[in-house]
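**Q** Here it is: the structure, laid out below.
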Amino acid sequence: MGEGAARGFRLTQGDGPDRYEQYVAPVMEPFVEALLDVAGLRPGLALIDVACGTGFVARGAAVRMAGGGSRVVGVDVVPGMLRTAAARAADDGVVVEWQEAEAGDLPYAAGAFDVVLCQQGMQFFPDRGAAVAEFVRVLRPGGRVAVTTWVEAVRSPFFAAQRQAYEQVGGVELGDWCGSAFGCSAAELTGLFRAYGLGDVVAREVVAEVHLPALNEYVPGCLAATPWGQAVAGARPDGLARVGEVVRGLLAPYASADGAVTLPFVSSLVTGVRRDGAENRI
Numbered sequence: 002m003g004e005g006a007a008r009g010f011r012l013t014q015g016d017g018p019d020r021y022e023q024y025v026a027p028v029m030e031p032f033v034e035a036l037l038d039v040a041g042l043r044p045g046l047a048l049i050d051v052a053c054g055t056g057f058v059a060r061g062a063a064v065r066m067a068g069g070g071s072r073v074v075g076v077d078v079v080p081g082m083l084r085t086a087a088a089r090a091a092d093d094g095v096v097v098e099w100q101e102a103e104a105g106d107l108p109y110a111a112g113a114f115d116v117v118l119c120q121q122g123m124q125f126f127p128d129r130g131a132a133v134a135e136f137v138r139v140l141r142p143g144g145r146v147a148v149t150t151w152v153e154a155v156r157s158p159f160f161a162a163q164r165q166a167y168e169q170v171g172g173v174e175l176g177d178w179c180g181s182a183f184g185c186s187a188a189e190l191t192g193l194f195r196a197y198g199l200g201d202v203v204a205r206e207v208v209a210e211v212h213l214p215a216l217n218e219y220v221p222g223c224l225a226a227t228p229w230g231q232a233v234a235g236a237r238p239d240g241l242a243r244v245g246e247v248v249r250g251l252l253a254p255y256a257s258a259d260g261a262v263t264l265p266f267v268s269s270l271v272t273g274v275r276r277d278g279a280e281n282r283i
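My numbering puts the first residue of the sequence shown at 2, with every later residue one more than the last.
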C-alpha cells in the first residue's frame, strides 16, 4: 500500500473532503462540543483551529463567539478540505478565515491568538513538538490550548473494526496506517505541553455514545472519507467493498433491526495555559 503511516491524514482525492464533512460529522460532534466547552470562548477573542479539516471546530467556535470583534481562523494543509470548509461556513452564515499552512509553521505573529484548538489532528503531525511550539508562539500569555486525540482504537468499537478490516483486506501496513490515528496518548500530549511552557495542564477523557444510521448505507461513505479507504480502493477494485463487509460483520452484534448502531467513542482532551515567558522555552 505504499508508505503507510508516514502519509498522515491528507484527504485529497475526488469528493473525499465532502464525504468527510457528511459522514465524519456524527462521530466528531460530541467531541467538538467538548473541545469548545473547555476553550473559554467569548466574543472578542481571536481563535485558531489547527488541522481544521472541513471546519467542524472553527464553525462552531464562530457561532459561540459571534459579535464583539471576534476572529476565527481555520488552518489545514489540504486545499480541498479548506474549500469544503469555506463553502459550508458560507452556507451557515458564519465568518471564518481559512489558511493553508502546516501546524509546525503557522504564518501568524507571536501572541496573535487567545485560543489555539486542534481536534483530532495532533496524531498525524510529523513533528508534534514543533506543532506545540507553534501553538505556544502564536498564543498570548494567559491564552489557552485545547487538543483532542483518540485513545487506543480497541476502546471505540467502530474504530477497532475499521483497523481490523483494513489489515485483513489490505495488509499489516494499511492496518498500521489506520492505527496511526490512535497513536498520540494523553501522556505524550501532557509531556509536550509542559515541555514547551504551558501550565495548568489537565488531561481528561471524553466518552460519547454516538448513533450511526444503517451500516450498509453509512459504512461505505465513511470509509471513502478516509485516506486509508481511498488507498485500498485504489489498490484493488473490490477493496473498499471488502473492508465494508468486514466492518459490518464485526459490528453486527451492536446493530438494531434496521441496521443502525449506537456505539461508544473515546477521546483524550488535554488543555493548558500559556505562562508569561513561555517563549523562552521554545
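For glycine and all other residues, C-beta sits at the position ideal for the given N, C-alpha and C.
1) Take VAL248 and list the residues in its own chain whose beta-carbon comes closer than 7 Å to its own, dropping the five residues that flank it on each side.
2) Okay, do the region 121 to 129 and the region 90 to 97 touch, 3+ Cβ pairs below 8 Å being the bar?
3) Look at the alpha carbon of ASP50 and the alpha carbon of VAL271, and state the distance between them as a whole number of angstroms.
4) Can the beta-carbon of LEU48 be found less than 7 Å from the beta-carbon of VAL139?
5) Apart from the five residues just before and just after VAL64, which ones in its own chain have a Cβ nearer than 7 Å to its Cβ?
6) Span of the alpha helix (DSSP H) holding PHE136?
7) On the CB-based measure, 16 or more other CB atoms within 10 Å of its CB, does ARG43 come out buried or exposed?
8) Whose C-alpha, out of PHE114, GLU174, GLY144 and ALA261, is nearest the C-alpha of GLU218?
9) Pull up the DSSP beta-bridge partners for ASP77, would you.
10) Buried or exposed, going by whether 16 or more other CB atoms sit within 10 Å of the CB of GLY61?
11) Out of GLU189, ALA196, PHE160 and LEU193, which one is the CA nearest neighbour of CYS179?
**A** If we stick to the structure as given:
1) Translated into the one-based positions of the sequence shown, residue 248 becomes position 247. Only ALA162, GLN163, ALA166 and VAL220 meet the Cβ criterion.
2) no
3) The residue given as residue 50 occupies position 49 in the sequence shown. The residue given as residue 271 occupies position 270 in the sequence shown. Near 15 Å, if we compare the C-alpha coordinates of VAL271 and ASP50.
4) Residue 48 sits at position 47 when you count from the first residue of the sequence shown. Residue 139 sits at position 138 when you count from the first residue of the sequence shown. It is not a contact, given that the beta carbons lie outside the stated cut-off.
5) Within the sequence shown, the letter at position 63 stands for residue 64. Same-chain partners within the cutoff: VAL95.
6) As a working note, residue 136 is residue 135 in the sequence shown. Counting along the chain, the alpha helix (DSSP H) containing PHE136 begins and ends at 129 to 138.
7) What you label residue 43 is simply residue 42 of the sequence shown in a count that begins at 1. ARG43 comes out exposed.
8) Numbered from its first residue, the sequence shown carries residue 218 at position 217. Taking only the C-alpha atoms, the option nearest GLU218 is ALA261.
9) Indexing the sequence shown from 1 puts residue 77 at position 76. Answer by DSSP bridge pairing, in chain order: GLU101.
10) For the purposes of this step, residue 61 is taken as residue 60 along the sequence shown, with counting starting at 1. So GLY61 ends up on the buried side.
11) Counting from 1 along the sequence shown, the entry for residue 179 is found at position 178. Residue PHE160 is the option with its Cα nearest to CYS179.
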